[in-house]
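In the numbering used here, the protein residues as written are -1 to 202.
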C-alpha cells in the first residue's frame, strides 16, 4: 500500500521538503520547491468525509473517509514534505458474506497504513469513472486501494462527488493495478476481493 500511494504522489510532490511555501494540491506543479506544504486549498476532500454505501442485491460496499491535514512525510530521500491526505477504510459484503472489513476509519499516525490513501486532486480523471451527472469542472480524487489479507495486491479508486435530486453521491471506478514484489513462485490471489468496476455510492 505504501509503495502505491508514493508512486501516485511523487510527480506532484518531488522536491518539497517542509511546510513553506504552500502549494495547492489541485493540479500541483512539478518543481523543485524547498520546504513546501501541498494543501487541499479548496477543500476538495471535505465532501467525501463521511460514510458511503453501494448496494446491489445481497452485496454491498461501505466506505468511510477522514481528512488528514499537514502530515509530515519523511519516509525516503524524495519524501520530505507536508501534505494533506484523504484516508479511508471499507467493508465489502458479497452474497451476504463479509469478505473484507477494515472499518472504522482511524488515523494511527501514518496515512500509508490505511487501506485507502489519496493525495491527488485532478480533472484528468474525467470519464475515468463515467459521470454524466458531474459538472464539467468536477475534480476527481485519486487514491491507492489495498486489502489487509493480501498486502501485496494494489488497486486504485478514482472518484467524484456529485448531488443528484438532492442526494449526495460518489461515482467511482475501482480497479487492480498490480502485485508488489512479485516473484516467480508467487501463488497468492491475483486480484483484490472487491471486483473491478463502476460504483455509485450514496451518503449514509
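Backbone N, C-alpha and C fix where the C-beta goes; we use that ideal spot for every residue, glycine too.
Keep in mind that this is a model prediction, so the values were computed, not measured.
State the Cα-Cα distance for the pair residue i and residue j, rounded to the nearest angstrom.
i           : j           : result
residue 228 : residue 78  : This structure does not reach residue 228, given that the chain is present from -1 up to 202, and the question cannot be answered.
residue 25  : residue 137 : 10 Å
residue 75  : residue 95  : 43 Å
residue 161 : residue 58  : 21 Å
residue 3   : residue 163 : With a pLDDT of only 48 at residue 3, under the threshold of 50, the placement of this residue in the model should not be trusted, and no figure is reported.
residue 139 : residue 119 : 5 Å
residue 104 : residue 86  : 8 Å
residue 110 : residue 121 : 24 Å
residue 134 : residue 128 : 12 Å
residue 168 : residue 34  : 30 Å
residue 209 : residue 97  : Absent from the model: residue 209. The displayed extent of the chain is -1 to 202, so no value can be given.
residue 82  : residue 46  : 14 Å
residue 65  : residue 187 : 31 Å
residue 37  : residue 51  : 28 Å
residue 201 : residue 67  : 23 Å
residue 178 : residue 132 : 34 Å
residue 106 : residue 115 : 13 Å
Roughly how far, in whole angstroms, is the beta-carbon of residue i from the beta-carbon of residue j, given that I think they are within contact range, below 8 Å?
i           : j           : result
residue 153 : residue 180 : Incorrect: roughly 15 Å between the Cβ atoms, too far for contact.
residue 172 : residue 197 : 6 Å
residue 113 : residue 88  : 7 Å
residue 175 : residue 84  : Wrong, their Cβ atoms sit about 18 Å apart, outside the cutoff.
Going by DSSP, name the residue or residues bridged to residue i.
i           : result
residue 151 : 177
residue 65  : 84
residue 59  : 52 and 90
residue 116 : 84 and 141
residue 192 : According to DSSP, residue 192 bridges with nothing at all.
residue 110 : Residue 110 is not bridged to any residue.
residue 170 : 157 and 197
residue 77  : 74
residue 163 : DSSP output for residue 163 lists no bridge partner at all.
residue 22  : 37
At least one CB of chain D closer than 7 Å to the CB of residue i: is that the case?
i           : result
residue 101 : The chain labelled as chain D is not found in the depicted structure, where only one protein chain is given.
What do you get for residue i, buried or exposed, if any count of 16 or more other CB atoms within 10 angstroms of its CB means buried?
i           : result
residue 72  : exposed
residue 23  : buried
residue 185 : exposed
residue 40  : exposed
residue 62  : buried
residue 183 : exposed
residue 155 : buried
residue 21  : buried
residue 145 : buried
residue 126 : buried
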